[in-house]
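Residue numbers (the working numbering): 5 to 570.
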């Protein structure tokens with residue numbers, strides 16, 4: 005069938021007819037140039053705009069900066085990815101939109117605008133033990149918890165370690181009785197144990213657990229910390245794991261460093277993540293239904309994987325990620341390797357040696373590999389175009405946010421919103437390197453196809469109906485991100501990245517084993533090529549396992565993928 009494609013003319017893209025499957029078409033939604041408000045939460049905090057429902061063409065026509073798909077101005081909300089109302093930064097701070105407090109580094113006007121309660125110079129500050137505010141895990145102002153000094157007598161505490169004298173009674177730090185070098189009162193050893201003295205150290209006498217400084221009391225003696233005592237002590241980050249315990253913490257356990265976790269990932273909330281790359285909030289914990297910050301959203305780790313018990317005769321069992329790889333996960337990969345992917349893949353038997361030299365060796369090269377500027381080794385299509393459609397200044401799309409980029413090729417949407425979307429404009433070798441770093445691999449085409457068709461050889465991942473009654477698949481948009489039918493967080497021409505759906509948003513399109521976005525959103529790279537599973541554009545989905553030759557180094561705004569393992 006005939007489709008539309010981009011041709012490079014005079015430094016810009018124009019539409020041209022083509023017989024390829026790579027169309028770049030004008031937006032059929034009728035909202036060109038508008039900023040789309042996905043929803044209001046209906047709460048009392050929503051700030052009604054004075055020009056609500058006024059006709060508009062773009063967000064700049066509205067006091068809220070939000071022009072809806074019906075081309076009417078919308079009131080500000082806390083999830084429209086616009087700084088409006090009295091918000092002090094995008095969707096945070098202020099009071100009129102019901103936005104959450106802002107994280108450190110975001111704008112603020114007063115302390116309550118910040119999660120830490122510290123606003124200095126109009127910027128939310130990181131919590132410290134000297135900021136005069138009770139924040140972090142402090143039990144009182146600038147004392148107690150894991151990062152501040154112990155509290156003085158009379159201050160609030162939750163455990164003995166929160167107090168200078170290591171005595172916490174009734175939630176308050178209590179003064180110890182004067183040390184006299186004698187075991188007296190209800191002390192269990194000299195100047196320790198009992199109710200009026202600090203806990204005893206390892207090797208000292210005790211009667212009960214509370215007599216000891218967070219170690220077991222066994223046979224009347226406080227024992228050394230161990231990785232089996234059922235207590236969080238020593239250097240452990242959680243009970244009997246992390247630190248120097250020699251035991252790695254499982255998913256959900258407390259951590260202080262990536263090395264504390266079996267997954268090698270300590271997340272932003274100091275909990276061990278499901279996967280090594282899913283440690284950031286946006287793009288790490290935002291896969292599933294509903295948009296970030298919206299009521300009723302059901303999000304989970306983007307590193308969740310599903311076991312598929314395929315018969316041995318058909319190739320055998322395998323694991324495959326439930327969700328497409330997000331831009332946020334690629335960002336974590338670059339951050340933790342410093343962009344030096346070449347050193348990581350060098351000498352690996354599971355990475356083709358012929359690809360090693362073209363892998364980035366520093367952060368600048370890594371960013372270029374997911375940027376708009378064509379690289380020497382990018383695959384050129386029949387029109388001579390490289391990194392095709394990755395130029396946001398020409399009606400393209402790119403989900404990897406980069407702040408330092410040319411004015412015409414800037415990202416038009418906030419990093420948080422883009423980090424949640426699938427990575428695209430990435431080549432297959434670099435995506436393979438990421439999956440290997442994430443302790444996985446790229447799936448085979450046959451595995452992706454089996455996850456689509458299941459044991460009943462179904463037509464679509466969700467079954468045999470609804471199907472393809474018309475060439476545009478319009479009746480099935482609730483099952484897949486396709487034909488530019490998804491639109492979030494807005495519409496800021498000429499960047500059409502809003503049409504690329506965050507993984508899992510079309511939950512009705514789940515495959516027979518539970519995988520999301522098998523059809524649509526982005527074409528999926530595989531170990532042995534890529535699948536023709538359709539995309540957010542007009543590419544018609546198909547489960548056909550097509551080996552596309554010559555595309556190893558091709559970057560395209562509808563190419564991405566997911567990881568798997570065997």
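For each residue, glycine too, the CB sits at the ideal point set by N, CA and C.
Host beta strand (DSSP E) of residue i (start-end)
i: residue 528; result: 527-530
i: residue 570; result: Careful: residue 570 lies outside any beta strand (DSSP E) and carries neither H nor E.
i: residue 451; result: Taken as a continuous stretch (DSSP letters only), residue 451 belongs to no beta strand (DSSP E), being part of the alpha helix (DSSP H) at 449-457.
i: residue 340; result: Taken as a continuous stretch (DSSP letters only), residue 340 belongs to no beta strand (DSSP E), being part of the alpha helix (DSSP H) at 331-341.
i: residue 302; result: 302-304
i: residue 345; result: Here residue 345 belongs to no beta strand (DSSP E); instead the alpha helix (DSSP H) covers 345-349.
i: residue 3; result: Because residue 3 is not part of the residues shown, which for the chain are 5 to 570, the question remains open.
i: residue 310; result: 309-312
i: residue 293; result: 291-293
i: residue 535; result: 533-535
Residue i versus residue j: straight-line alpha-carbon distance, rounded
i: residue 119; j: residue 132; result: 13 Å
i: residue 498; j: residue 416; result: 8 Å
i: residue 245; j: residue 271; result: 16 Å
i: residue 427; j: residue 167; result: 48 Å
i: residue 365; j: residue 337; result: 13 Å
i: residue 23; j: residue 543; result: With a pLDDT of only 34 at residue 23, under 50, the local geometry of the prediction cannot be trusted, and no value is derived from it.
i: residue 122; j: residue 423; result: 27 Å
i: residue 379; j: residue 115; result: 46 Å
i: residue 535; j: residue 526; result: 10 Å
i: residue 322; j: residue 312; result: 5 Å
i: residue 240; j: residue 250; result: 9 Å
i: residue 329; j: residue 494; result: 22 Å
i: residue 418; j: residue 52; result: 24 Å
i: residue 135; j: residue 146; result: 7 Å
i: residue 279; j: residue 506; result: 18 Å
i: residue 339; j: residue 140; result: 25 Å
i: residue 100; j: residue 106; result: 14 Å
i: residue 464; j: residue 511; result: 14 Å
i: residue 198; j: residue 180; result: 11 Å
i: residue 384; j: residue 289; result: 35 Å
8 Å Cβ cutoff met for residue i and residue j
i: residue 156; j: residue 192; result: no
i: residue 306; j: residue 333; result: yes
i: residue 112; j: residue 104; result: no
i: residue 98; j: residue 84; result: no
i: residue 558; j: residue 382; result: yes
i: residue 516; j: residue 462; result: yes
i: residue 190; j: residue 203; result: no
i: residue 242; j: residue 220; result: no
i: residue 425; j: residue 310; result: no
i: residue 82; j: residue 68; result: no
Residue nearest to residue i in terms of C-alpha spacing, selected from the options
i: residue 488; options: 459, 511 and 541; result: 541
i: residue 404; options: 430, 173, 251 and 243; result: 430
i: residue 451; options: 528, 225, 181 and 423; result: 528
i: residue 205; options: 494, 225, 148 and 433; result: 225
i: residue 355; options: 267, 129 and 444; result: 444
i: residue 158; options: 173, 165 and 149; result: 173
i: residue 60; options: 69, 54 and 76; result: 76
i: residue 359; options: 436, 171 and 449; result: 436
i: residue 402; options: 502, 458, 460 and 368; result: 502
i: residue 178; options: 194, 186 and 200; result: 200
i: residue 342; options: 350, 353, 324 and 368; result: 368
i: residue 91; options: 127, 237, 64 and 73; result: 127
Residue i, buried or exposed, once every other Cβ within 10 Å from all chains shown has been counted against 16
i: residue 563; result: buried
i: residue 377; result: exposed
i: residue 39; result: With a pLDDT of 34 at residue 39, under the threshold of 50, the modelled position of this residue cannot be trusted; read the value that follows with caution. Label assigned to residue 39: buried.
i: residue 211; result: exposed
i: residue 442; result: buried
i: residue 4; result: Any property of residue 4 remains undetermined from this structure, which presents the chain solely from 5 to 570.
i: residue 254; result: exposed
i: residue 316; result: exposed
i: residue 150; result: exposed
i: residue 408; result: exposed
i: residue 568; result: buried
i: residue 164; result: buried
i: residue 398; result: buried
i: residue 570; result: exposed
i: residue 459; result: exposed
Unbroken alpha helix (DSSP H) run spanning residue i, endpoints
i: residue 432; result: 432-441
i: residue 369; result: 367-372
i: residue 499; result: Unbroken run through residue 499: none, as it is neither H nor E.
i: residue 208; result: Where residue 208 is concerned, there is no enclosing alpha helix (DSSP H), given that its DSSP letter is neither H nor E.
i: residue 423; result: 419-423
Cβ of residue i within 8 Å of any chain C Cβ
i: residue 372; result: No chain C appears in this structure, which consists of one protein chain only.
Residue i CB to nearest heavy atom of the ligand ADP below 7 Å
i: residue 378; result: Only the bare structure without any ligand can be found here, which leaves the ligand ADP out of the picture.
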